[in-house]
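See structure below.
In our numbering, the protein residues as written are 236 to 336.
As structure tokens, this is what we get:
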């Protein structure tokens, strides 16, 4: 299932490339248990979610250099965490569950 066209606005700090989701995320979307759009928007705006300071700094450095992947983690509910990873070359952004890594 493809993500609906998103209005990401001009505030995105980088291009996501092709946006894809794993089967687990797709199933949660189909069930109405997850709307990934606000989390993708946060990721693209440099809000890395629930990361420690070291991981945030690593993302910020990767954003500047373009030489490493970007990783975000969002605690959606008590029992649901969403990860978003943009590849180092910004060609693909994947939405996935930690169990699918």
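Backbone N, C-alpha and C define an ideal beta-carbon position, used for all residues, glycine too. These figures come from a predicted structure and were not determined experimentally.
For residue 334, which residues of its own chain have a beta-carbon under 8 Å away from its beta-carbon, when the five flanking residues on both sides are left out? In the chain shown, the residue the question calls residue 334 occupies position 99. Counting only Cβ-Cβ distances below 8 Å, and skipping sequence neighbours, we find 259.
Cutoff 8 Å; reference residue 294; Cβ partners in own chain excluding five residues on either side: Walking along the chain shown from the start, residue 294 turns up at place 59. Excluding positions up to five away in sequence, the list reads 281, 283, 286, 305, 306, 307.
Using 10 angstroms around the beta-carbon of residue 271, count the other beta-carbons present and answer buried if the total reaches 16, otherwise exposed. In the chain shown, residue 271 corresponds to position 36, counting from 1. Its Cβ being crowded by 16 or more others within 10 Å, residue 271 is buried.
Can you tell me which of the three DSSP states residue 308 falls into? Looking up residue 308 in the chain shown gives position 73. Residue 308: strand per DSSP, three-state reduction.
Would you kindly check if the distance between the Cβ of residue 319 and the Cβ of residue 275 is under 8 Å? Your numbering for residue 275 matches position 40 in the chain shown. Your numbering for residue 319 matches position 84 in the chain shown. Taking 8 Å as the Cβ cut-off, residue 275 and residue 319 qualify as a contacting pair.
Every unbroken alpha helix (DSSP H) within the stretch 251-333, with a cutoff of 4 residues, ordered by chain: 258-265, 272-279, 288-300
Compute the Euclidean distance between the alpha carbons of residue 313 and residue 257, then round it to the nearest angstrom. Against the chain shown, residue 313 aligns to sequence position 78. Against the chain shown, residue 257 aligns to sequence position 22. Whole-angstrom Cα-Cα distance: 20 Å.
Below-8 Å beta-carbon distance, residue 267 vs any chain D residue: You won't find chain D in this structure, because it holds only one protein chain.
Take residue 336 and list the residues in its own chain whose beta-carbon comes closer than 8 Å to its own, dropping the five residues that flank it on each side. What you label residue 336 is simply residue 101 of the chain shown in a count that begins at 1. Hits under 8 Å: 318.
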